[in-house]
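When the letters of the sequence shown are read in order and numbered with our numbering, they come out as residues 1 to 625.
By construction, the Cβ of each residue, glycine as well, lies at the ideal position given by its N, Cα and C atoms.
Owing to the predicted nature of the structure, the values given are computational and were not obtained by experimental measurement.
I have placed the structure first, in the form of structure tokens, so that the comments after it can refer back to it.
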Amino acid sequence: MSGTSEGPAPTADLIRPAVTERHIDTPPRTTTTSASSSSTGAASTGAAFAAAPLAMAVVDREGLVVTANETLGTLLGTGADALAGKAAADLVDLSSDPRAWHAYREVLRGRQARLRCTRRLRHPDGRSLWVQVTVSPLPEEERAVLLSVADISAGRELQARLRHLQMHDPVTRLPNRTLFFERLSATLEAEAYEESGTGRIGLCYLDLDGFKAVNDTLGHRIGDRLLAAVAERLTRCAEEAGYARPSAPLVARLGGDEFALLVEDSTGTDQLADLAESVLKALQAPFDLSGQRLSVSASIGVVERHAAGTTATGLMQAADTTLYWAKADGKSRWTLFDPERNAHRMTRQALSSGLRPAIEHDEFVLEYQPLVGMEDGRLRGVEALVRWNHPQFGMLTPNRFIGLAEEDGSIVQLGRWVLATACRQARRWQLEHPDAPPLFVSVNVAVRQVWDSDLVTDVAEILAETGLAPHLLQLELTESAVMGSAGRPLQALQALSDMGVHIAIDDFGTGYSNLAYLSRLPVSVLKLDGSFVRGFQYETSEKHDGSDARPNPADEVVVEAMIQLAHRLGLTVTAECVETSAQASRLRGIGCDTGQGWLYSRPVAPDRISELLRTPARRSRSEPI
Numbered sequence: 001m002s003g004t005s006e007g008p009a010p011t012a013d014l015i016r017p018a019v020t021e022r023h024i025d026t027p028p029r030t031t032t033t034s035a036s037s038s039s040t041g042a043a044s045t046g047a048a049f050a051a052a053p054l055a056m057a058v059v060d061r062e063g064l065v066v067t068a069n070e071t072l073g074t075l076l077g078t079g080a081d082a083l084a085g086k087a088a089a090d091l092v093d094l095s096s097d098p099r100a101w102h103a104y105r106e107v108l109r110g111r112q113a114r115l116r117c118t119r120r121l122r123h124p125d126g127r128s129l130w131v132q133v134t135v136s137p138l139p140e141e142e143r144a145v146l147l148s149v150a151d152i153s154a155g156r157e158l159q160a161r162l163r164h165l166q167m168h169d170p171v172t173r174l175p176n177r178t179l180f181f182e183r184l185s186a187t188l189e190a191e192a193y194e195e196s197g198t199g200r201i202g203l204c205y206l207d208l209d210g211f212k213a214v215n216d217t218l219g220h221r222i223g224d225r226l227l228a229a230v231a232e233r234l235t236r237c238a239e240e241a242g243y244a245r246p247s248a249p250l251v252a253r254l255g256g257d258e259f260a261l262l263v264e265d266s267t268g269t270d271q272l273a274d275l276a277e278s279v280l281k282a283l284q285a286p287f288d289l290s291g292q293r294l295s296v297s298a299s300i301g302v303v304e305r306h307a308a309g310t311t312a313t314g315l316m317q318a319a320d321t322t323l324y325w326a327k328a329d330g331k332s333r334w335t336l337f338d339p340e341r342n343a344h345r346m347t348r349q350a351l352s353s354g355l356r357p358a359i360e361h362d363e364f365v366l367e368y369q370p371l372v373g374m375e376d377g378r379l380r381g382v383e384a385l386v387r388w389n390h391p392q393f394g395m396l397t398p399n400r401f402i403g404l405a406e407e408d409g410s411i412v413q414l415g416r417w418v419l420a421t422a423c424r425q426a427r428r429w430q431l432e433h434p435d436a437p438p439l440f441v442s443v444n445v446a447v448r449q450v451w452d453s454d455l456v457t458d459v460a461e462i463l464a465e466t467g468l469a470p471h472l473l474q475l476e477l478t479e480s481a482v483m484g485s486a487g488r489p490l491q492a493l494q495a496l497s498d499m500g501v502h503i504a505i506d507d508f509g510t511g512y513s514n515l516a517y518l519s520r521l522p523v524s525v526l527k528l529d530g531s532f533v534r535g536f537q538y539e540t541s542e543k544h545d546g547s548d549a550r551p552n553p554a555d556e557v558v559v560e561a562m563i564q565l566a567h568r569l570g571l572t573v574t575a576e577c578v579e580t581s582a583q584a585s586r587l588r589g590i591g592c593d594t595g596q597g598w599l600y601s602r603p604v605a606p607d608r609i610s611e612l613l614r615t616p617a618r619r620s621r622s623e624p625i
């Protein structure tokens, strides 16, 4: 009988004696029992020992079997008589476990009251046995210990079956999420990768594209069969990837239509890329299920890195993020984790989560870019441009955070703050410079502000609070937002126009350009997108660096036609991105009303606008301010 160690005996089973230790050579005490009584009792005890259903043996202080019952002989696959004289520790594999071996010797010496441990033994017929071994001292005069062995194989097998059910998915029979994370955590323990292997770990985290549609249209029975079929193909991919390697990747179903392939001791990103490619190829072939021919694809996030310093949570977060990229990039593909892209995502997430608190903490500021009359060069108005003075990332321009604010709805709160601050500043300029013509202030409005808030009420309250006249407020909406307006947005724009507020279409010419619809909108200003005026940059056909500019004559024709159409509809036109005197001159020549751009000024602080209001007469119509 051979055995293998299960591990150290549980601490609770090492019971210390409650009596004073006696030397093993102490002579037996004299008894008053009669010889006949002793003989009868010994015979009775011997018979009970031989017939006991529990496998037992008497072991002397040297560790040798004195006698054993037939139950023990049967359990170990030999006769009871054959066990006499053998080392008991070898019969039940105590010597292979240092802790159990030490405790056993302490019991033999009388220094410990009992030993109990679990061992795995190999029966002569080849099967394995799980046994619980107990070693207890007999009365001192016997100078021996009692070894008892209980077969607990059935219980262990039941535990194993229950654990298998607990740790495996019933649909695909793959390891489930619990077992996957147990294996992953074990792989990331230092002892697991420091002793041998590459010290690296890889993960392919995949999700079936459009699986919900299968469940919804064909039912969960077909959906489950599809999952099982996918699991079979993934398992084959893992087996092929594990050929000629120490082990194959672990395939697990993490839930729903999510699967993972864990590669221990990976050799680099090439290995993971090959595995991901093989999975995509394996899933390309249609599935025939109960007369249904189904085709599915998968998106896969691939992560490969050093195991040292990696946590299970961190690895899964990276895999989940990369899976999202694969889906966002078009599905049916694999994407490798990119630290730079992840850093950008983390920055984006940090900005998104900090938007609402930033409004409360006054982290936003407004700068103002002049709007100049192209005919006389006078300052007519300003556009309010919001900046985020972020405590970590510094001063951020709107393109870094406005999209995020629109996504999470904080644009409503931010937009209200911008509107109130700009109107308050415009009114302050008016009061501080009563001799100068009052400036109008232009404020950008997101379409979500129209849908998710009562913009008309907000504007009316802010104008009343600040004392700014309605005609000195201009609201800018993008062309796509205004041209697509109907129902509530159109009613709101009409109400604002009736109030006296000017409505401007920003970036005109880049969206719908539905000119017939334009005539029915309550719009008073068109702001030409900067792309239309770039061809106006040079007076001649050569750029200043000597290269050939050759502006397209169609640019001027198109812009002139839009300006004439706007004027016929009673609208004024503002040209954005005016950067040179040549642009300003040509735009003025075709009738453009107002210019905005770096030729006149970059966005500046309110104090700079105050300076311009104090010295308006020194500028010519094309002179930068």
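Residue i beta carbon near the ligand FMN (any heavy atom closer than 7 Å)
{"i": "V302", "result": "Inclusion of the ligand FMN in the displayed structure is not the case, the ligand content being empty and no account of it being possible."}
Neighbourhood of residue i by C-beta distance below 6 Å, restricted to the same chain and skipping five residues each side
{"i": "V578", "result": "A584, G595, G597 and L599"}
{"i": "F49", "result": "N69"}
{"i": "G591", "result": "I563"}
{"i": "L272", "result": "G202, V302 and E304"}
{"i": "P489", "result": "V450"}
{"i": "L206", "result": "F259, A298 and I300"}
{"i": "C237", "result": "S278, V279 and A282"}
{"i": "E556", "result": "none"}
{"i": "G570", "result": "none"}
Rounded separation between residue i and residue j - CA only
{"i": "E405", "j": "L250", "result": "It should be noted that the sequence gives Ala, not Glu, for residue 405. Those two C-alpha atoms are separated by around 42 Å."}
{"i": "P246", "j": "L174", "result": "20 Å"}
{"i": "V447", "j": "A575", "result": "22 Å"}
{"i": "R416", "j": "F401", "result": "16 Å"}
{"i": "L323", "j": "G330", "result": "11 Å"}
{"i": "V171", "j": "F211", "result": "15 Å"}
{"i": "A549", "j": "L262", "result": "Bear in mind that a pLDDT of 48 at A549, under 50, signals an unreliable position, so the model cannot answer this."}
{"i": "A52", "j": "L146", "result": "13 Å"}
{"i": "G242", "j": "E189", "result": "22 Å"}
{"i": "V443", "j": "R588", "result": "25 Å"}
{"i": "D498", "j": "A504", "result": "14 Å"}
{"i": "D257", "j": "A213", "result": "12 Å"}
{"i": "N389", "j": "K281", "result": "49 Å"}
{"i": "A57", "j": "D265", "result": "48 Å"}
{"i": "I222", "j": "A554", "result": "60 Å"}
{"i": "T510", "j": "P470", "result": "28 Å"}
{"i": "V559", "j": "V604", "result": "28 Å"}
{"i": "R225", "j": "P357", "result": "49 Å"}
{"i": "L336", "j": "P391", "result": "32 Å"}
{"i": "T118", "j": "E191", "result": "25 Å"}
Own chain residues within Cβ distance below 8 Å of residue i, not counting five before or after
{"i": "L455", "result": "V445, Q449, A492 and L496"}
{"i": "L179", "result": "M167, H168 and A252"}
{"i": "F508", "result": "E479, L526, K527, L528, D529 and M562"}
Cβ shell of residue i (< 7 Å), same chain only, five flanking positions each side left out
{"i": "A276", "result": "C204, I300, V302 and W334"}
{"i": "E672", "result": "The shown model of the chain, from 1 to 625, leaves out residue 672, and the question about it has no answer."}
{"i": "C423", "result": "V441, I462, L463, T466, L468 and L473"}
{"i": "L54", "result": "T71, S148 and A150"}
{"i": "N176", "result": "M167, H168, D169, A252 and R253"}
{"i": "P286", "result": "R293, L294 and S295"}
{"i": "R16", "result": "Residue confidence is low: R16 scores 35 on pLDDT, short of 50, so the model does not pin down where it sits. No coordinate-derived value is stated."}
Burial state of residue i (16 or more Cβ within 10 Å)
{"i": "Q317", "result": "exposed"}
{"i": "R200", "result": "buried"}
{"i": "S601", "result": "buried"}
{"i": "G354", "result": "buried"}
{"i": "V290", "result": "First, the amino acid is wrong: residue 290 is Ser here, not Val. Per the 10 Å Cβ criterion, exposed."}
{"i": "T615", "result": "exposed"}
{"i": "V573", "result": "buried"}
{"i": "M374", "result": "buried"}
{"i": "T26", "result": "Confidence at T26 is low in this model, with a pLDDT of 36, below 50, so its placement is unreliable and no value can be given for it."}
{"i": "R427", "result": "buried"}
{"i": "S38", "result": "With a pLDDT of only 46 at S38, under the threshold of 50, the placement of this residue in the model should not be trusted; the figure read from the coordinates follows. Classification for S38: exposed."}
{"i": "L158", "result": "exposed"}
Cβ of residue i within 8 Å of any chain B Cβ
{"i": "E62", "result": "The chain labelled as chain B is not found in the depicted structure, where only one protein chain is given."}
* Just checking, does the region 366 to 375 make contact with the region 603 to 610 on the three C-beta pairs under 8 Å criterion? -> yes
* **Contact the region 60 to 69 vs the region 82 to 92: 3+ CB pairs below 8 Å** => yes
* So, do the region 215 to 235 and the region 145 to 159 have three or more beta carbon pairs nearer to each other than 8 Å? -> no
* **Unbroken stretches of the beta strand (DSSP E), 3 residues or longer, contained in the region 183 to 271** => 200 to 209, 250 to 255 and 258 to 264
* Secondary structure, beta strand (DSSP E): runs of 3+ residues fully inside the region 449 to 481 -> 473 to 478
* **Whole alpha helix (DSSP H) elements within the region 73 to 142, 4-residue minimum** => 88 to 91 and 98 to 108
* Asked: Which runs of the beta strand (DSSP E) fall wholly inside the region 268 to 311 and span at least 3 residues, in chain order?
  -> 287 to 289, 292 to 294 and 297 to 306
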